[in-house]
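Under the working numbering, the residues of the sequence shown are numbered 153 to 366, in order. Here is the structure we will look at, set down as structure tokens.
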Amino acid sequence: MEQRQSAVHSLIELLETIADNKYVLGDRLVEVGVSGPNLEATLASIAMAQGELGHARLLYNWCFDLRGLKGKKPEIYGQTGKALESAVNVHNWITLIAALYATNTAIDAVLQSALDANHPAIVSRIQKLIREQQDHLVYAKHWAQQLAHERGAVPHRFREALNAAANEAAAWLKEVESKEELQQEGYLPNGVKLVERLQQELKTVAAEPFVQLK
Numbered sequence: 153m154e155q156r157q158s159a160v161h162s163l164i165e166l167l168e169t170i171a172d173n174k175y176v177l178g179d180r181l182v183e184v185g186v187s188g189p190n191l192e193a194t195l196a197s198i199a200m201a202q203g204e205l206g207h208a209r210l211l212y213n214w215c216f217d218l219r220g221l222k223g224k225k226p227e228i229y230g231q232t233g234k235a236l237e238s239a240v241n242v243h244n245w246i247t248l249i250a251a252l253y254a255t256n257t258a259i260d261a262v263l264q265s266a267l268d269a270n271h272p273a274i275v276s277r278i279q280k281l282i283r284e285q286q287d288h289l290v291y292a293k294h295w296a297q298q299l300a301h302e303r304g305a306v307p308h309r310f311r312e313a314l315n316a317a318a319n320e321a322a323a324w325l326k327e328v329e330s331k332e333e334l335q336q337e338g339y340l341p342n343g344v345k346l347v348e349r350l351q352q353e354l355k356t357v358a359a360e361p362f363v364q365l366k
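Dropping the structure here:
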């Protein structure tokens with residue numbers, strides 16, 4: 153019983169971290185996305201912002217359920233303080249794409265691994281979310297590849313931003329990997345390799361894997 157309670161606590165912490173990042177990214181997609189390099193990018197950013205905020209709301213409500221909260225769910229007025237700094241500190245298009253790509257790739261590694269574990273209480277909650285966020289990943293990757301191959305100072309600035317975001321995401325994934333109770337309860341597969349999933353995806357951004365995770 154104690155082990156299960158510990159696993160549920162860790163699951164809530166994990167879900168809140170994902171929700172916080174989606175909440176912050178949704179906010180930044182509106183705040184910074186309106187200044188996108190072209191109209192298409194701006195409109196897509198605003199549309200994706202609604203998706204990210206919707207996912208955050210679903211995850212927060214799931215956490216309320218796991219805590220045993222009955223009745224109407226509380227309103228969400230802000231993140232719980234677990235969002236990655238690279239997402240919180242987005243201030244321009246380059247840092248937005250770096251954070252969007254690295255953070256959502258890390259989140260996808262967690263959710264896909266949870267899907268692999270096939271825990272019935274998890275699968276039913278995340279299948280739709282995983283499908284919906286694929287468009288966000290494709291969009292972020294497209295822009296990451298474009299910024300990586302721009303002329304002038306942009307590739308260097310983007311590389312720095314992506315390195316920072318990727319290293320922070322990797323550090324978070326290492327913490328998730330170390331939560332043995334998540335694997336023991338079947339929420340994640342045994343011996344899950346989240347950082348490896350992140351690294352493999354990041355290598356596809358450019359001809360050379362310029363992102364070096366610490």
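C-beta atoms are modelled at their ideal positions from N, C-alpha and C, and glycine is treated no differently. Quick caveat, the model's predicted, so the values are computed rather than measured.
Please name the residue in S197, G304, S265 and T169 whose C-alpha comes closest to that of P341.
Ranking S197, G304, S265 and T169 by Cα distance to P341 puts S265 first.
With distances taken between CB atoms, is the gap from W214 to L181 smaller than 8 Å?
Cβ atoms of W214 and L181: not closer than 8 Å.
Name the two residues that bound the continuous alpha helix (DSSP H) containing Q231.
Per DSSP, Q231 belongs to no alpha helix (DSSP H) and is neither H nor E.
So which of A159, H243, A196 and D260 has the shortest CA-CA distance to R349?
Closest option to R349, Cα to Cα, is D260.
Using a Cβ-Cβ cutoff of less than 6 Å, which residues in the same chain neighbour A250 once the five nearest sequence positions on both sides are dropped?
Once the five neighbours on either side are set aside, the close Cβ partners of A250 are A313, L314 and A317.
Should I278 and L267 be called a contact, given that it needs their Cβ atoms to be closer than 8 Å?
Going by C-beta atoms, I278 is nearer than 8 Å to L267.
Helix, strand or coil for N241, going by three-state DSSP, please let me know.
Here N241 sits in coil by DSSP.
Candidates Y291, H243 and N244: which alpha carbon is nearest G203's?
Taking only the C-alpha atoms, the option nearest G203 is Y291.
I need the straight-line Cα distance from S158 to D287, nearest angstrom please.
In a straight line, the C-alpha of S158 is about 34 Å away from that of D287.
Just to confirm, does V344 get its C-beta within under 7 Å of one of the non-hydrogen atoms of the ligand COA?
Questions concerning the ligand COA fall outside what the structure shown contains, since it holds no ligand whatsoever.
Just confirm the distance between the C-beta atoms of I198 and G185, as a whole number of angstroms; I'd bet it's less than 8 Å.
The pair is a contact, with the Cβ atoms about 6 Å apart (cut-off 8 Å).
Do you know offhand how far G343's Cα is from E332's?
The alpha-carbon atoms of G343 and E332 are separated by roughly 9 Å.
Going along the chain, which residues of its own chain have a beta-carbon closer than 8 Å to the beta-carbon of L218, five neighbours each way excluded?
Around L218: V160, L163, I164 and L167.
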